[in-house]
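Reading through the structure tokens given below for one structure.
In my numbering, the protein residues as written are -19 to 78.
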């Protein structure tokens, strides 16, 4: 049987919601980082906390500024630089977010 580890509270932009989640990454301590496509943000859920995530990139509305994302589709964690590598689809770019 499955168990919800992130979202599951309808679509929306609250920290306990996702709106079209796409790619995700799970790090060594089981933190889940999710590209939240239609919310133009990257969300992080710490292991064991299924009630609320944290916006770790974007979330400032769709746009092409370096503080914004536009429909991100994938995310990785670069452990050496402690940064996120994000595929920012509608800006046609890959960005490093630290």
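Backbone N, C-alpha and C define an ideal beta-carbon position, used for all residues, glycine too.
- The DSSP assignment places no complete run of the alpha helix (DSSP H) inside the stretch 13 to 43 (cut-off: 4 residues).
- Secondary-structure assignment with DSSP links residue 54 through a beta bridge to 67.
- Three or more beta-carbon pairs drawn from the stretch 50 to 62 and the stretch 14 to 25 are found closer than 8 Å, and the two stretches are therefore classed as touching.
- Look at residue -18 here: in three-state DSSP terms it is coil, with no helix or strand label.
- CA-CA distance, residue 75 to residue -16, rounds to 29 Å.
- Residue -14 sits buried, since 16 or more C-beta atoms from the chains shown fall within 10 Å of its C-beta.
- For residue -2 and residue -8, the gap between their C-alpha atoms comes out near 6 Å.
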